[in-house]
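Student:
Residue numbers (the working numbering): 265 to 541.
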């Protein structure tokens, strides 16, 4: 809760599911603690061996036959160290499974990919769908409101008791029939129905959603009112600014990961590459 920027985080980590034997083969790990770790269990995996003969078997079910464990790897920038611990949701040990110095780019081993800008005061951004999810819910509520209003609409006839015969003639008449009588004695009144303001609000929600989600209307072939190709290009560039912004962030992420791989190729002191034969 105290972290407001992931670049200033006290630690970064991720949860992994690995075979126990890999940890036992690595001398940096405490083998006694590794053997005490509980076996990883996937909630979708089946426990019975006969289930293997069924069709549609998944990888998670195959993993259930192997000895997998769940570990959490943590990068601590302040100590420049990588620490491996068991999954705290399963078991907690007083000692680390492994603790070693970090050798790598100074930015750390993690690259964060996001399609929206970070939220101020929060280490992570909002999910792309979260930007216009509220508009989606609002538009659905307005649609339900309009449909219920349309369903409640009814037209009824009101007549003067003295003109009951004329009212019956109106009720049983067909299109084009002529009825003799006082037209003011029978009136048709309409109640309920769609509200014009509600329809306008629904259209406004659609416009807002179109703005926030990157102008899908124009992507689907909706023609703009531009008078020239230049104006159309300007409108297209401005309307898809959120998509262009996300594309730039993907480029930055790809450049960051490529730069870290290049660091290992050019400066990693533990890498042995044959330069000539």
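Note that beta-carbon positions come from the ideal geometry of N, C-alpha and C, so glycine has one too. This structure is a prediction, so every number in the text was calculated from the model and none was measured.
Do the CB positions of residue 414 and residue 423 come within less than 9 Å of each other?
Tutor: No, the pair does not count as a contact, with Cβ atoms beyond the cut-off.
Student: Is it right to say residue 452 is buried, meaning 16 or more other beta carbons lie within 10 angstroms of its own, or is it exposed?
Tutor: Residue 452 should be labelled exposed.
Student: Using DSSP bridges, identify the partner residues of residue 347.
Tutor: According to DSSP, residue 347 bridges with 338, 363.
Student: Three Cβ pairs or more, each shorter than 8 Å: is that satisfied between the stretch 334-341 and the stretch 360-372?
Tutor: Contact holds: three or more Cβ-Cβ distances are below 8 Å.
Student: Count the other CB atoms, across all protein chains shown, that sit within 10 Å of the CB of residue 350; report buried if there are 16 or more and exposed otherwise.
Tutor: Per the 10 Å Cβ criterion, buried.
Student: Nearest-angstrom Cα distance between residue 385 and residue 272?
Tutor: Rounded to the nearest angstrom, the two C-alpha atoms are 12 Å apart.
Student: Given residue 276, which residues of its chain have a CB within under 6 Å of its CB, disregarding the five upstream and five downstream residues?
Tutor: 339, 374.
Student: Exposed or buried, what is residue 314 when buried is set at 16 or more other beta-carbons lying within 10 Å of its beta-carbon?
Tutor: Reliability fails at residue 314, whose pLDDT of 47 lies under 50, so the model's placement of it is uncertain and the value that follows must be treated cautiously. Its Cβ having fewer than 16 others within 10 Å, residue 314 is exposed.
Student: Is there contact here, the stretch 295-306 with the stretch 345-359, by at least three beta-carbon pairs under 8 Å?
Tutor: Verdict: yes, contact present.
Student: I need the straight-line Cα distance from residue 308 to residue 331, nearest angstrom please.
Tutor: With a pLDDT of only 49 at residue 308, under the threshold of 50, the placement of this residue in the model should not be trusted; the figure read from the coordinates follows. For residue 308 and residue 331, the distance between alpha carbons rounds to 16 Å.
Student: Just the C-alpha distance for residue 417 and residue 407, rounded to the nearest angstrom, thanks.
Tutor: Taking the straight line joining both Cα atoms gives about 16 Å.
Student: Put residue 446 into one of helix, strand or coil per three-state DSSP.
Tutor: Residue 446: coil per DSSP, three-state reduction.
Student: How far does the beta strand (DSSP E) with residue 278 in it reach, from first residue to last?
Tutor: 276-283 is the extent of the beta strand (DSSP E) around residue 278.
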